[in-house]
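K.L.:
In numbering that gives the first Met the number 0, the protein residues as written are 0 to 542.
Each residue gets a CB set at the ideal place from its N, CA and C atoms; glycine is no exception.
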Amino acid sequence: MKRLYYYKVVIYLLPLWVVNFSFSSPFQSDPIAFAEKTIRNTAEVWTSKEKEQFLKTYSAKNSEGENQDIYLMLESPNMVFDSYLGNHTEEGKGILKNDLVNLLEEIIYYPSQAAYKLALASLNESISEYSIAQKITEQPNLFETMNYDNAIRFLDNRFGYEKAEIAYELLKVTKTNSQSEPKSEVSKKLAKKVASIKEEYPPYISVIEALTALSDIFLIMQKENIGIVNYPPYTNFANTLKPINKERTAERIKWRTSLEITYPKSESVWIVPSKVNLKWQTKNMDKDKSIKFFLTRDDVVIQVLGIYKNNGEIDNLVLRSGLPEGDAYKVMGIELYPANKFHIAKFATSYFSIRKERKKVKETEMLVSEGVTVSGIKNDSEVSTVNPTQQTIENIPEKLQDTILVAKSKSTDLNEEISDEVLEQQRILFAGRKISYQKRIVVDSEILTVNLFDHGRQDGDIVSIYLNGKAVIANHILTYQKKSFQIKLHPTKSNDLFLYAHNLGNFPPNTVSLEIKDNSKSEEIILNSDMQSCEAILIEVKQ
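1. Would you say residue 522 and residue 440 are within 8 Å of each other, going by their C-beta atoms?
2. In three-state terms, what does DSSP make of residue 185?
3. Kindly indicate which residue of 198, 241 and 304 has the alpha-carbon position closest to the one of residue 75.
4. Is the segment 252-263 in contact with the segment 335-349, if contact means three or more CB pairs nearer than 8 Å?
5. Between the C-alpha atoms of residue 225 and residue 36, what's the straight-line distance to the nearest angstrom?
6. Whose C-alpha, out of 464, 191 and 217, is nearest the C-alpha of residue 72?
7. Give the single residue among 300, 482 and 312 whose Cα lies nearest to the Cα of residue 322.
8. Indicate the three-state DSSP secondary structure (helix, strand or coil) for residue 314 in the structure shown.
9. In chain order, what residues of the same chain lie with their CB nearer than 8 Å to the CB of residue 193, ignoring the 5 residues before and after it?
10. Would you kindly check if the distance between the Cβ of residue 275 and the Cβ of residue 318 is under 8 Å?
11. Which two residues bound the contiguous alpha helix (DSSP H) that contains residue 484?
12. Inspect the beta-carbon positions of residue 462 and residue 477 and report whether they are closer than 8 Å.
13. Among 173, 353, 204 and 435, whose alpha-carbon lies nearest the alpha-carbon of residue 230?
14. How is residue 159 classed by DSSP in three states: helix, strand or coil?
15. Which two residues bound the contiguous beta strand (DSSP E) that contains residue 527?
16. Over what stretch of residues does the alpha helix (DSSP H) that includes residue 271 continue unbroken?
17. Would you tell me roughly how many angstroms separate the C-alpha atoms of residue 475 and residue 28, rounded to the nearest one?
18. CA-CA distance, residue 528 and residue 338?
19. Give every residue of the same chain whose Cβ lies closer than 6 Å to the Cβ of residue 159, excluding the five residues on either side of it in the sequence, and list them in chain order.
20. Jot down the residue ranges of each uninterrupted beta strand (DSSP E) in the segment 240-289, minimum 3 residues, whole runs only, in chain order.
21. Could you please give me the residues that DSSP links to residue 451 through a beta bridge?
22. With DSSP run on the structure shown, which of helix, strand or coil describes residue 432?
23. Ignore the nearest five residues each way along the sequence and tell me which others in residue 356's own chain have a CB closer than 8 Å to its CB.
24. Residue range of the beta strand (DSSP E) that residue 307 falls in?
25. Just how far apart, CA to CA, sit residue 530 and residue 290?
26. When you compare the CB positions of residue 132 and residue 232, do they come within less than 8 Å of one another, or not?
27. Across which residues does DSSP place residue 331 in a beta bridge pair?
28. Within the continuous alpha helix (DSSP H) that includes residue 228, where are the two ends?
29. Considering only their Cβ atoms, is the gap separating residue 116 from residue 70 smaller than 8 Å?
30. CA-CA distance, residue 227 and residue 490?
31. Got a sec? Which residues, its chain only, sit under 6 Å from residue 202 by beta carbon, not counting five neighbours each side?
32. Comparing alpha-carbon positions, which option in 303, 123 and 38 lies nearest residue 68?
33. Once the 5 residues before and after residue 31 are set aside, which same chain residues still bring their CB inside 8 Å of it?
34. Using only the alpha-carbon positions, how far apart do residue 401 and residue 494 sit?
35. Leaving out the 5 sequence neighbours to the left and right, which residues in its chain are closer than 6 Å to residue 297 when beta-carbon positions are compared?
36. So which of 208, 197, 189 and 210 has the shortest CA-CA distance to residue 221?
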């Protein structure tokens with residue numbers, strides 16, 4: 000009884016510290032300062048003792064049914080466009096039409112059943128979010144080492160503590176009701192709307208289309224006062240959660256990372272083989288974060304320029320010898336290991352030009368007389384000159400120098416930097432492609448569950464996943480639907496898991512998400528691959 004009272008006190012106190020730091024507060028103009036202030040003011044929430052009690056109270060409820068993330072869209076359906084802006088980039092993940100239709104039919108015909116699944120999904124997400132936020136507060140010298148990454152990750156996940164109690168209340172009410180719920184009667188208008196979605200929508204639909212369809216269904220239900228909008232436990236849940244989701248969405252929009260490549264520009268001309276420079280600027284991104292750059296021609300990746308720390312400029316970048324001349328080149332950049340799991344900073348320049356260096360004719364061979372050379376050819380047609388707007392760039396040897404292809408980002412949770420000694424023992428080539436190791440992960444189990452899905456735009460990417468040189472997934476067409484499989488690790492050695500691209504789809508490079516789960520935790524990894532290189536991670540079993 001005492002424990003229940005404590006939680007009730009916490010739930011009613013927590014909104015106070017959220018309100019105290021509204022967007023008019025000076026702390027919220029700086030996520031690092033705001034995160035530090037929030038942690039200090041709510042210190043009792045992040046103790047090991049409180050974490051133990053939190054997990055004891057809620058974790059068992061998470062095992063009562065299968066978590067279905069699609070039901071999370073029901074948390075605040077009247078925030079359709081706000082949610083889209085805050086949670087997804089323009090190329091955000093989509094969902095299966097059949098999953099959307101099943102969701103819509105449940106909220107119309109079986110509202111308590113839909114609310115029960117929502118409660119499970121929301122509780123599961125809340126537990127995960129609280130664990131992430133609490134883990135950050137345990138880091139040594141936290142306030143001396145706090146950076147954008149940790150601050151934004153903490154602030155985004157801090158809401159899990161509040162949400163858990165709200166979701167748990169909904170779960171208790173709906174668990175019994177959902178087991179013997181009769182099918183509700185609905186209007187022809189609603190039935191017709193669902194039928195049109197079944198017939199007219201493609202098998203996979205974008206998030207914004209799904210949210211729009213959901214919003215349309217809710218408007219009809221509200222007018223006719225039927226379905227889940229007429230189910231008090233759900234409406235109480237949604238109304239309680241709305242201000243939390245509204246604040247979270249506003250923060251995601253305000254603090255999400257951005258990347259802009261400022262050079263080359265549309266009028267730029269790069270000369271090959273030569274050294275060039277690359278310039279960019281970012282927002283809400285730490286200096287030690289890694290960014291990967293690609294050179295594309297006709298929107299196809301033809302060279303990985305490398306992975307570099309966020310210092311704003313790369314000098315003496317070596318272009319591959321043999322690049323053809325053309326005016327359809329771009330440089331693309333992508334943020335690696337984003338703090339906000341819903342958003343990755345990406346940027347592609349405008350088209351610019353690449354030209355080959357012209358050989359200069361020696362003066363001793365150019366005895367010019369009245370505008371005509373000794374060979375009888377006029378000098379303006381024989382000798383190419385460089386346009387004055389082009390940069391003067393020094394020559395370099397034609398042999399391509401190696402670029403840095405291993406991202407050594409700061410360790411968080413189970414991720415560790417890969418030492419040079421470890422790298423020397425790993426494979427560096429596979430089928431003629433260079434392998435670049437991105438992370439080292441330590442897990443608790445030899446058997447892992449892996450979920451594979453398209454991280455960017457669904458465009459026909461075909462990939463294989465290799466573990467220790469052997470295919471565990473072969474010629475898989477990436478979609479937004481997760482492909483689940485298990486892998487068995489070598490218990491005493493480093494295991495390399497890498498992505499191999501069979502094509503580049505319509506929007507290179509291939510970018511996949513790998514959700515890796517052991518017995519107690521999960522980690523989402525983003526890997527890229529093109530026709531010249533494969534990104535990989537090292538996995539080791541904790542001894």
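P.N.:
The answer reads as follows:
1. If you check the CB distance, residue 522 and residue 440 come in under 8 Å.
2. Under the three-state reduction of DSSP, residue 185 is assigned to coil, being neither helix nor strand.
3. Considering only alpha carbons, the answer is 241.
4. Contact holds between the segment 252-263 and the segment 335-349, because three or more Cβ pairs, one in each stretch, are under 8 Å apart.
5. Distance between the alpha carbons of residue 225 and residue 36 is about 44 Å.
6. Of 464, 191 and 217, the residue nearest in Cα terms is 217.
7. The candidate whose alpha carbon is nearest that of residue 322 is 300.
8. Residue state, collapsed to three classes: strand.
9. Once the five neighbours on either side are set aside, the close Cβ partners of residue 193 are 100, 103, 104, 107 and 216.
10. Between residue 318 and residue 275, the gap from beta carbon to beta carbon is short of 8 Å.
11. Unbroken run through residue 484 is the beta strand (DSSP E), 482-487; no alpha helix (DSSP H).
12. In this structure, residue 477 lies closer than 8 Å to residue 462 by Cβ.
13. Residue 230 has its Cα closest to that of 173, out of 173, 353, 204 and 435.
14. Correct three-state label for residue 159: helix.
15. Annotation for residue 527: the continuous beta strand (DSSP E) segment containing it runs 521-528.
16. Secondary structure note for residue 271: it is in no alpha helix (DSSP H), and the uninterrupted beta strand (DSSP E) holding it is 268-271.
17. Their backbone Cα atoms lie some 44 Å apart in a straight line.
18. Distance between the alpha carbons of residue 528 and residue 338 is about 21 Å.
19. Within the same chain, residue 159 has close Cβ partners 125, 128 and 129.
20. Whole beta strand (DSSP E) segments, 3+ residues: 257-262, 268-271 and 274-282.
21. Paired residue(s): 482 and 513.
22. Strand, per DSSP.
23. Around residue 356: 270, 271, 272, 273 and 394.
24. Its beta strand (DSSP E) spans residues 299-308.
25. Answer to the nearest angstrom: the Cα atoms are 19 Å apart.
26. Their beta carbons are not under 8 Å apart, which means residue 132 does not touch residue 232 by this criterion.
27. Beta-bridge pairing links residue 331 to 293 and 347.
28. For residue 228, there is no enclosing alpha helix (DSSP H), since its DSSP letter is neither H nor E.
29. Taking 8 Å as the Cβ cut-off, residue 70 and residue 116 qualify as a contacting pair.
30. Going from the Cα of residue 227 to the Cα of residue 490 covers about 49 Å.
31. Beyond the five residues adjoining it in sequence on each side, residue 202 comes within less than 6 Å, by CB distance, of 96 in the same chain, given in chain order.
32. Ranking the options by Cα distance to residue 68, first place goes to 123.
33. Answer for residue 31: 145, 146, 147 and 150, listed in chain order.
34. Here residue 401 scores only 30 on pLDDT, less than 50, and its place in the model should not be relied on; the value that follows carries that caveat. Rounded to the nearest angstrom, the two C-alpha atoms are 24 Å apart.
35. So the qualifying residues of the chain are 327.
36. Of the candidates 208, 197, 189 and 210, 189 places its Cα closest to the Cα of residue 221.
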